[in-house]
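Sequential numbering of the sequence shown, starting at 1, is according to full-length UniProt numbering.
For each residue, glycine too, the CB sits at the ideal point set by N, CA and C.
Inspection log for the structure reproduced underneath, given as structure tokens.
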Amino acid sequence: MAYYRAVGNIPPKRHTQHRNDDGKLYYEELMGEEGFSADSSLLYHKYIPSTITDSRPWDLGSHKLVPNHPLKPLHLKLHSLFSDEEADNLDPVRGRRMVLGNGDVRIYYSVSSVTSPLYRNAVGDELVYIEEGWGTVETVFGVLDYRQGDYIVIPRATNHRYVPGERTRFYIVEANSHISPARNYLSKYGQLLEHSPFCERDLTGPGDVLLHEEENVDIYVKHRTSEGIVGTIFTTPQHPFDVVGWDGCLYPYTFNISDYEPITGRVHQPPPTHQVFEGNNFVVCNFVPRKVDYHPLSIPVPYYHSNVDSDEVMFYCGGNYEARKGSGIGNGSISLHPGGHAHGPQPGAYEKSIGVEYFDELAVMVDTFRPLELGEGGLASDDESYAWSWATNA
1 MAYYRAVGNI
11 PPKRHTQHRN
21 DDGKLYYEEL
31 MGEEGFSADS
41 SLLYHKYIPS
51 TITDSRPWDL
61 GSHKLVPNHP
71 LKPLHLKLHS
81 LFSDEEADNL
91 DPVRGRRMVL
101 GNGDVRIYYS
111 VSSVTSPLYR
121 NAVGDELVYI
131 EEGWGTVETV
141 FGVLDYRQGD
151 YIVIPRATNH
161 RYVPGERTRF
171 YIVEANSHIS
181 PARNYLSKYG
191 QLLEHSPFCE
201 RDLTGPGDVL
211 LHEEENVDIY
221 VKHRTSEGIV
231 GTIFTTPQHP
241 FDVVGWDGCL
251 YPYTFNISDY
261 EPITGRVHQP
271 PPTHQVFEGN
281 NFVVCNFVPR
291 KVDYHPLSIP
301 VPYYHSNVDS
311 DEVMFYCGGN
321 YEARKGSGIG
331 NGSISLHPGG
341 HAHGPQPGAY
351 EKSIGVEYFD
361 ELAVMVDTFR
371 PLELGEGGLA
381 SDDESYAWSW
391 ATNA
């Protein structure tokens, strides 16, 4: 995200001496994407950021994926995955459950009121949607407040931890790549364009830097091996939140879905109109409360369509989704409409939508360009009957 920020105490010239009041050098760290060829930030540490005193395995639990075979659309009830007791004892990092995934992206769900350990994902960026709740994310760049409806964008390898202020529902998209605003809304230099449904004013970066003096601190690291994704726990002699200042264009930020200004038209607008983020081989779209199609003969709900090149995952998180009425889908549900299956409104919804002027609905969509398979959370939350709902409700 090419949007420069500077926070705290930094020198006037990069890669030059930067000392504290006692004359001791701070340690400069470049955190950058694609080697030295993309967005980056410079962080100035009190201690050497590469120092570790221990490294041991972290058991991530089951990451096995099961193919969606025989092929069918699915309805997954995410609110069934966590009891109140589990939510009060599991943290948002170690307690997350994998719902869907492929070689490019994984979708997790977590419900927690517990502070997480320090964590960094060295596999890819994370996009975390807050379905309910509020709290903070403490990061090496500073503190981010979060609230219901926020997306939290966390760059790869950012040390951070979640501090829920109340029980929070986290919908988590983990990429094997970087995640950025949709390219079709960016200038060639990275500015959000005039026709974009949001702009830089809607993004909230970290506040003041954090300085912690704890010693012998554990950091949970998710990373890659030739056999797949694994976990390691590093122990560091000093707390990694020792940064006195930083500047650059790479840092975590939040964006609230209520600040997304939907693009509408006289006839039904396709999903790319609602895009907000993208990663390698997937995109993320919003469906927000909005005025709908105003051609005198329009049909506001989507036309039936075949996902020839992609799997479509819709997470329903507010209002009433007109096209799915009668299917059993509600807030906290996921629908998976896989490539190779034509899908669209439930029986009756097509005709009933005629004349409707406004949709009060909220959903987050992830479209992937490789088939999605089911994780243990997806298998555990499948209602097993959704595939037949077009027939049973006809």
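Buried versus exposed, by CB contacts within 10 Å (16 or more), residue i
i: D342; result: The residue asked about is misnamed: residue 342 is Ala in this sequence, not Asp. Exposed.
i: D39; result: buried
i: K222; result: buried
i: W388; result: exposed
i: H305; result: exposed
i: G248; result: buried
i: D293; result: buried
i: H178; result: buried
i: residue 443; result: Since the first and last residues shown for the chain are 1 and 394, residue 443 lies out of range.
i: V7; result: buried
i: A394; result: Bear in mind that the predicted position of A394 carries a pLDDT of just 49, short of 50, making it unreliable; the figure below should be weighed with that in mind. It counts as exposed.
i: G279; result: buried
i: D21; result: exposed
i: N216; result: exposed
i: Y358; result: exposed
i: V308; result: exposed
i: L76; result: buried
i: P181; result: buried
i: R120; result: buried
Secondary structure of residue i, DSSP reduced to three states
i: L297; result: coil
i: H274; result: helix
i: L78; result: helix
i: E86; result: helix
i: T242; result: Here the sequence assigns Asp to residue 242, which means Thr is not the residue at that position. Coil at D242, not helix or strand.
i: I229; result: strand
i: T236; result: strand
i: E28; result: strand
i: T204; result: strand
i: R183; result: helix
i: R324; result: helix
i: S258; result: helix
i: S55; result: strand
i: A394; result: Note on A394: pLDDT 49, under 50, position unreliable in the model; the coordinate value appears next. Here A394 sits in coil by DSSP.
i: T16; result: coil
i: S116; result: coil
i: S389; result: helix
Within 7 Å, strictly: CB atoms of residue i and residue j
i: P262; j: V301; result: no
i: T168; j: G135; result: yes
i: Q346; j: G319; result: no
i: residue 418; j: G375; result: Any answer about residue 418 is impossible in this case: the structure gives the chain only from 1 up to 394.
i: H15; j: Y27; result: no
i: G207; j: V143; result: yes
i: G339; j: S310; result: yes
i: Y260; j: F198; result: yes
i: residue 400; j: W58; result: Here the chain has residues from 1 to 394 only, and residue 400 is not among them.
i: F241; j: L210; result: yes
i: L74; j: G332; result: no
i: L118; j: R161; result: yes
i: Y321; j: E351; result: no
i: G245; j: I10; result: yes
i: S110; j: P92; result: yes
i: S335; j: M365; result: no
i: G328; j: V99; result: no
i: C285; j: H274; result: yes
Bridge partner(s) assigned by DSSP for residue i
i: Y171; result: Y109, Y129
i: Q191; result: DSSP lists no partner for Q191.
i: G135; result: Y146, P164
i: I334; result: L76, F315
i: H305; result: H343
i: R290; result: F359
i: residue 397; result: Since the first residue of the chain shown is 1 and the last is 394, residue 397 is not available in this structure.
i: N121; result: K222
i: G35; result: None; G35 has no bridge partner.
i: D247; result: A6, L42
i: E215; result: Q238
i: L100; result: I107, L374
i: F282; result: G279, T368
i: V66; result: L374
Below-7 Å beta-carbon distance, residue i vs any chain D residue
i: V111; result: Absent from the structure: chain D. Only one protein chain is present.
Ordered list of beta strand (DSSP E) runs contained in the region 346-385, each at least 3 residues | Within the region 346-385, the complete beta strand (DSSP E) runs of at least 3 residues are 361-368.
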